[in-house]
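Residue numbers (the numbering used here), protein chains in the order written: chain Z, 279 to 1206; chain U, 3 to 495. From the three backbone atoms N, C-alpha and C, an ideal C-beta is built for every residue, glycine too. What you are looking at is a predicted structure, and each value in this text was computed from that prediction instead of being measured.
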Amino acid sequence: MKRFILTAIHFLFVVSSASGSVKFEAQILPILEKKCFKCHGQEKQKSDLRLDSVAGINKGGSSGEPLFVRGNSAQSLIIHLINSDDLEERMPPEGETELTVGERDLIKEWIDTGAQMPLAPNVIEISTDHWSFQPVQRPNIPEVKGDWGNNEIDSFILEKILSKKLSPSSVSEPRKLIRRIYQVMHGLPPSEDMIAKHLKQIANDDWVSVVDEVLASPRYGERIARHWLDIVRFAETNGFETNRERLTAYHFRDYVIRSFNEDKPYDQFIIEQLAGDASGVDVGTGFLVAGPHDIVKSPDINLTLMQRNDEMADMINTTGTAFLGLTIGCARCHNHKFDPILQKDYYSMQAVFSGVRYGERMMPKNNDEAAKKSLMELEKKAQSMSKELDSLKLISSQIKAKGNGHNVKRESVSARGNTEIFDEIKTKHVRFTVRRTNNGGQPCIDELRVFNTKGQNVALAKKGATAESSGNLKGYEIHKLEHINDGKDGNPRSWISDTSGTGWVKITFAKESNINKIEWARDREGNFSDRLAIDYIIEHSLDGQSWHKVVGSEDREPYGGAVAANDAFLTFLPDNDAERGRNLMRNLQRIRNEISSYRNGSKAWVAKFEKPGKTHRLYRGDPMAKREVVAPDTLEILGSLKMSEDEDEQQRRHRLAQSIANEKNPLTARVMVNRLWQFVFGVGIVDTPSDLGSNGTDPTHPQLLDWMASEFMQKDWSIKHMLKILLCSDTFRQSSRPRTDAIKVDAGSRYLWRFPPRRLEAEAIRDSILAVAGTLDLNMGGPGFYLLDVDRENVVHYHPKEKTGPEEWRRMIYMFKIRQEQDLIFGAFDCPDGNQVIPERSRSTTPIQALNLFNSHFIVQQSGKMSDKLLQEAGDSVEKQVRTAYQLYYGRPALVDEINDATAFVRDHSLADFCRAMFNSNEFLFTF
Amino acid sequence: MDRGQFLSHSVSGFGGIALAHLLNSEKLLGTEKVRESAPGKTPVRPLIDPGNPNAARDSHFEPRATQVLQIFCSGAISQIDTFDYKPELIRLHGKPMPGGDKLITFQGEQGNLTKSPWEFKARGQSGKMVSELVPHLGSLADEMCFIHSLTGKTNTHGPGENFMCTGFTLDGFPSAGSWVTYALGSETENLPAYVAISDIRGTPQSSVNCWGPGFLPAAFQGTEFNASKPVRNIARPRGISDITDKATRAFLERQNKRHLNEYPGDNELAARIASYELAAKMQMTIPEVSDISSEPAHVLRDYGADESGSKIKDLRTAHAKNCILARRLLEKGVRFVQLFNGAYQTGGEGVSNWDGHKKIKEQYSIHGPVLDQPTAALLRDLKARGLLENTLVIFNSEFGRMPTFQKGASGRDHNPSGFTSWMAGAGVKAPFSYGATDDFSYKAVENVATVYDFYATVLHILGLDHERLSFYHNGIERRLTDVHGHVIKEVLS
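In structure tokens, the structure reads:
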């Protein structure tokens, strides 16, 4: 099992000229020979310890702890072990080899007088013959007979298939193939139009164009990014018991999607994630802090140190598994049991990351001309959308006023923001009077905006408006009257009244204005929801003397503390207007976010850096048991980076990153091409994709893996280049049908004598349902949508949403990813919760999944949408509806008995019921 | 050992063809690597039928118990105020703890030693001293096997609950229930193999981690529901009639079977078809088993499920209903039932859980009566129905509490250095007390036991070798007991 060996295994003890009162060769060596060599010598190396060489004695055993501290027997492990009262610990174990008192004293004295030994190299050398540590060499392409095969990959695959007396499968039926490449590379089924187009391309023997088009789509980046985010344990909450949200962590997700879509060279992608701050791509370092971290602090120092060490363990472990395919985390407490990784190496890596801290910070702002132009365009767009929305709100309030609507109240107030829409008023003063707050505290408003009919905020101080109030809370820099109209949002720029529960604030405009909208909030940044006005009146006055009511809280739903539905006005509108309003709101929000990040730069959850202190090796990983200082470095086996203990923080990460993203590194390219293989074929050539060490499995096709690794590096680490080779291969294009003869030999299809079918992952299932039903919102990027309601207190609680709407109908990669908690339906489909790195998802089948997919509100809702879509596309003919449905669900025409069965079913029940069944069917949920 | 058990299924679980893969006599491609799960030991891989992943499986050796009920008091129930009697603490009440100068614990400085506000009395034949906070449970002391010397690794709730439920302080590891169902499957196929009955007030601090599958396949996660909250998505959707629902299911099956003709022998496809049949059965049986209205009045009375009108009565009734549900699930053969008492959502710091930092007397005066009678009735009922003959009952909390009051407060801080758990039922010696803390119940000093030892023992009772029940994940054969744990032989019957 153990494949790494000390290079210095020969008997090295030669006569020494060193002087000490105890002679090693004459006095110590004989003891070792007699009492220790049996278990720690040439034959056996229990606990990985060899005492028959200087190098072995210097290296120590698997604990990573040196056997002795020169001149200090009291701190020497060997003295502890030979004197221990704990019989399980004592060395040598009980029995005839036990040390005598005299022998023990002699060893103690030898250490105390300087532990003289024959000369030996200072450096502990380790080496390994494990395959993944050997340099990548480009193998020759095997020569195989026959006309099967399109490229190099096929030659390697065919050679293996033939050697097992198997044969490849014939090429798959074109429609299946088109569906397959879309499911695999986009996580979505192909549209009708694309199927038609690709069928022609295939007929013209132009599969390459199909592959190119698929890889050029932005859907590709979203799909591959989902895999990558599993590998780097990305989620948007802290985890542990508080599990608070990281509201700006999405920038990293967007960065990953963008990187794949741009086909960013993989070596650059690695460097940016470990040290993007060195090249202005700070967002990449979201990688370092994407994992869970515990924010519960205690005066107990043990706890604090352990938390910090756990944080760095997460970074080391993820760096090791994601890029190197090594489980470095295993060396935290002792030398790695299987791979040539010393405990010291672990702490060298810890020194690399010891300046990394969790948190949010501003990203550098993009100021170039293109950015300015985009900003202007966005602002224009936002203004016109906002106007359109206001007119809808007005229509809504008119309908309501006429009593045509049902007796529905406006949404309750929300701490994050409230809008008051009313008919145009010509006025000069606006007064906002709070009568009651949600918690009885002094009311707080972060900003009061009053808009004229041109959509300009006339309440702004810089537009000449002035503010007055009933009184202001004293003593807080962040709460001042002038903040009410300074154009800045959030609690740190807010006004608070000086009386509990009540207070008013008045804005006087520079001149009379025609106003029709007011916006106000407690905290638009969403951090606070106390001090919220829940009973209020807004009045206006032309002369500052006589006041007239504009709006008030009496027609709002009572405040419940929950997040308010700001789209309540839609309920009064006719269906098509409501739909338009909903889309407008969604897109407007997205555009506003974009504007804000152009204007202010954006805040993002990425790594923060500080000057690191010293890093010590920790005995058994115990933060209270500090040992020698360790300099930042990569693993010894990969060659030292020769950095000093006080190396600059950024340099530490940058140097490590460069050594990983390096053609000389034997692991990096192998690990990534193996992942790409897995993304395409379901299982990697090595089926433990984040462990290419000795405890991982051996590659099924080692030569192929090396050929790909070499090709990858030669082609500038282009991921799309590699995927194109895979997708253009005959191996990929084979039929997925099982063949009895082949199943007998290779049931797992690991030799790829067919394309192995597999169930879609949770995200791909949800996305596919929405895509087919025509409800999928393909807007990319930005903050995620929530599938759970959030209950924010010290510890954040999440409650799965029973019902979802268009807001939640984006691709699931944009779901706000909450640690631990899963959504109501798809969590049961082996969806990782972001707490651990998951290089390969398990794929289980359970009755709970069936219940979720068959009974949930979501499925019934989407079945309804699908039924509407079919009616629209196919009209009244049930047969036509059914035919269309099979096309949309499966990307193929319906068969005769399917048509008969389905038409009868639809006639007896309904089209929506039929759609519900189809969403649950195997053919819909699998890639074949 | 059976050669079949040696052949692991691939790391991706038991997808599709995996069964054929498993039973294939040829060791394929050298990829089925035999790794060590402990020095000199190899994993025993459960043979999992992808069509019914929770089908019953054999244990490693003859089990002493076949089902588990885990009662979990979230928030860290105080051993000092319940089961760990310390006359010295009473004697030195109000004095500084000897050797405890400047002791800093989770929330900060410690005040003086403080005896329990509840008196201890000798109970049963054994004369075990149990406090008046839990007199009903006390009356069953003869049925219990106490471990007074348990120690944990953290003094924070989240990591502590993770540790007590999964053997790791970090998030993301499989819960004990998931390990057990992974190994053993279940005796019932009409109900989930593993049920987590949550407190009606909400979830524990570590929330779903306590019953999560971690990196084990989702098939082995605990299904969460309670007597007042049904399983999600169990009910037929509103607006769809029973007839249509059945017809839809039948149509789905026909469609899937037509398709299966194209992929004969594909287990994953067949498994999905089967999963809809199982789901239909569960749709019948889960509401049946959760409906405790059929329980006779005297049962409701025994459990304390028949009173309402005050906070204590309402909460007790809710917990009692959950206790009855637990019994009904065990009766039907559910392998692992977790019963939670205490929740964080509706009030941390002791308001709705056992985290009595500041006002322990006031808060425990509610929690005690809520927990006590129903839980005791459950134990008694399990015994009366003969269920204790094959059910192991374990009583846990994330850690214990300090014998001192916190400086300036009337409550106790966290203490993972010595706390009490008890076991009862199949496989354990009772009445029996194992291990001890010091004179004040501050530190375990005699027969010090770890959470690893505790679970090594639980698994042993279930006929499982904790060193051979493992799952390969990111380079390591992971175990419930990490790389530690010794079976506490003394507690075995």
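| Item | Value |
| --- | --- |
| Residue 233/U vs residue 70/U beta-carbon contact at 8 Å | no |
| Neighbour flag for residue 74/U against chain Z, beta carbons, 8 Å | no |
| Helix, strand or coil at residue 1109/Z according to DSSP, with G and I counted as helix | coil |
| is_contact[residue 452/U, chain Z] using C-beta, thresh 8 Å | no |
| C-alpha distance - residue 359/Z paired with residue 608/Z, whole-angstrom precision | 24 Å |
| Neighbouring residues, chain Z, relative to residue 347/U (Cβ below 7 Å) | 1075 |
| For residue 188/U, the residue or residues it bridges with in DSSP | 57/U |
| Spatially closest choice to residue 362/U from 439/U, 295/U, 407/U and 438/U, by CA coordinates | 407/U |
| Runs of alpha helix (DSSP H) wholly within the segment 1115-1158 of chain Z (minimum 4 residues, chain order) | 1125-1133 and 1135-1152 |
| Chain U within 8 Å of residue 1187/Z, Cβ atoms only | yes |
| Interface residues of chain U facing residue 605/Z [CB-CB closer than 9 Å] | 476, 477 and 478 |
| Inter-stretch contact (C-beta, 8 Å, three-pair minimum) for the segment 1004-1019 of chain Z and the segment 423-443 of chain Z | yes |
| Residue-chain proximity (residue 299/U, chain Z), Cβ-Cβ < 8 Å | no |
| Beta strand (DSSP E) segment containing residue 308/Z, residue limits | First-last for residue 308/Z: 307-313, but that is the alpha helix (DSSP H), not the beta strand (DSSP E). |
| Cβ pair residue 992/Z, residue 1048/Z closer than 8 Å | no |
| C-alpha gap between residue 763/Z and residue 833/Z, whole angstroms | 26 Å |
| Within chain U, partners of residue 465/Z - CB distance below 7 Å | Result: empty, since nearest Cβ-Cβ is about 18 Å, beyond 7 Å. |
| Contact belief for residue 457/U with residue 490/U at Cβ below 8 Å, rounded distance in angstroms | With 8 Å as the limit, residue 457/U and residue 490/U do not qualify as a contact, their Cβ atoms being about 10 Å apart. |
| Contact under 8 Å by Cβ, residue 1138/Z with residue 1184/Z | no |
| Cβ contact check for the segment 1083-1091 of chain Z and the segment 140-160 of chain U: 3 or more pairs under 8 Å | no |
| Between the CA atoms of residue 1032/Z and residue 1024/Z - distance to the nearest angstrom | 10 Å |
| Inter-stretch contact at 8 Å, needing at least 3 Cβ pairs: the segment 878-894 of chain Z / the segment 632-640 of chain Z | yes |
| Nearest to residue 248/Z (by Cα), restricted to the options 716/Z, 1108/Z and 667/Z | This structure leaves residue 248/Z out entirely; chain Z is present only between 279 and 1206. |
| Cβ of residue 284/U within 8 Å of any chain Z Cβ | yes |
| Within chain Z, the residues that residue 207/U reaches when beta carbons sit closer than 8 Å | 519 and 1073 |
| Unbroken beta strand (DSSP E) run spanning residue 228/U, endpoints | Residue 228/U -> no beta strand (DSSP E), and no H or E assigned at all. |
| Inter-residue spacing [alpha-carbon to alpha-carbon] between residue 265/U and residue 197/U | 34 Å |
| Bridge partner(s) assigned by DSSP for residue 148/U | 424/U and 435/U |
| Contacting residues, own chain, Cβ-Cβ under 7 Å from residue 454/Z (five flanking each side not counted) | 1206 |
| Amino acids of chain U, ordered along the chain, whose beta-carbon sits closer than 8 Å to that of residue 581/Z | 108, 156, 157 and 158 |
| For residue 479/U, the three-state DSSP class (helix, strand or coil) | strand |
| Contacts around residue 1199/Z, its chain only, beta-carbon distance under 7 Å, and the 5 residues preceding and following it disregarded | none |
| Sufficient close CB pairs (3 or more, under 8 Å) joining the segment 653-661 of chain Z to the segment 538-546 of chain Z | no |
| Euclidean distance between Cα positions of residue 825/Z and residue 746/Z | 15 Å |
| Same chain, Cβ closer than 7 Å to residue 466/U, neighbours up to 5 away in sequence not counted | 61, 62 and 185 |
| Residues sharing a beta bridge with residue 124/U, DSSP | 131/U |
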